[in-house]
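Counting in our numbering, the sequence shown runs from 5 upward without gaps. Cβ coordinates follow ideal geometry from the N, Cα and C atoms, glycine included. Read the structure below first, then the notes.
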Amino acid sequence: MDRKIIIAIDGHSSTGKSTVARQLAKELGYIYVDTGAMYRAVTLYAMRHKFIDESEIDKKALEQSLHLINIRFEVSSETGLAEVMLNDENVEKEIRTLEVSRQVSPIAAISMVRRKLVEQQQLMGKDRGIVMDGRDIGTVVFPNAELKLFMTATAKDRAERRYNELLERGENVSYEDVLKNVVNRDHIDSTRKDSPLRKADDAITIDNSNLTLVEQFDQIHTIAKDAIAQKNLLS
Ligand code: DC
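In structure tokens, the structure reads:
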């Protein structure tokens with residue numbers, strides 16, 4: 005029987021990590037986990053409970069409520085995709101707004117939040133056969149992942165993609181605001197004390213600024229098949 009591996013995909017925001025990770029998981033018959041969605045769901049909870057006021061976070065109140073926050077994924081019968089559930093409510097749409105994007109990085113910098121979510125993520129991967137994307141998957145969540153990818157692209161390219169996505173979803177945003185958000189999140193994610201975004205030493209960098217989605221997927225699929233073959237050869 006084919007031995008399964010863990011595929012960790014990290015990188016900057018809006019590099020198309022989730023699109024490629026989801027596609028790859030489907031192709032390999034693996035589970036896909038979008039860890040950004042988990043941090044976004046905690047952020048939405050904090051916003052709804054007024055723990056965030058004009059970007060000021062009541063960290064203590066959030067930490068004390070963490071045990072009341074239950075996050076899981078459920079496959080939607082409509083889309084066939086795993087969607088995020090916050091205390092049994094499907095919040096897949098609410099977590100993708102620019103408002104949540106604006107608040108999520110400082111929430112994701114809180115160590116107690118990270119500890120809770122990382123523990124849950126490690127459990128999800130205990131049987132391997134998983135593609136997980138985020139910022140610290142190859143460095144903290146699964147330092148022993150058999151395959152680590154680090155995705156990047158210029159801030160301008162990423163902001164353009166994100167802007168078009170938000171417009172398609174009917175959000176009224178300006179390109180300048182989206183670009184600001186991308187740059188700002190990069191800064192907070194890479195400079196925070198706990199688990200900053202960085203490329204693991206053994207990760208393969210994929211710069212997709214000049215790649216089409218198909219080219220990118222083909223490249224990554226080939227790398228993944230090689231890694232799986234390697235695992236089976238060695239075991
Ligand atoms: O991938 P995304 O844009 O949905 O992620 C939302 C935020 O969550 C992002 O600003 C960084 C943070 N994040 C993190 O700190 N660690 C992860 N494993 C995933 C996301």
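Per DSSP, reduced to three states, the secondary structure at F146 is coil, with no helix or strand assignment. In this structure, the straight-line span from the alpha carbon of Y167 to that of E67 is close to 32 Å. Each residue's CA atom was taken as its position, placing T158 and H16 some 10 Å apart. Here the C-alpha atom of I11 lies approximately 27 Å from the C-alpha atom of E98. Under the DSSP assignment, A12 falls in the beta strand (DSSP E) whose first and last residues are 10-15. In the assembly as shown, M116 is an exposed residue. Its beta-carbon has fewer than 16 other beta-carbons within 10 Å. The beta carbons of I111 and T156 sit about 23 Å from each other, so the pair does not count as a contact at 8 Å. Nearest C-alpha to I134 among T19, G20, A25: A25. Nearest C-alpha to S199 among S22, E78, V122: V122. Fully contained in the stretch 185-233 are the following beta strand (DSSP E) runs of length 3 or more, in chain order: 208-211.
The beta carbon of I134 sits no closer than 7 Å to any heavy atom of the ligand DC.
For L32, the enclosing alpha helix (DSSP H) starts and ends at 21-32.
The beta-carbon distance between A163 and V182, rounded to whole angstroms, is 5 Å. This is short enough to meet the 8 Å contact definition.
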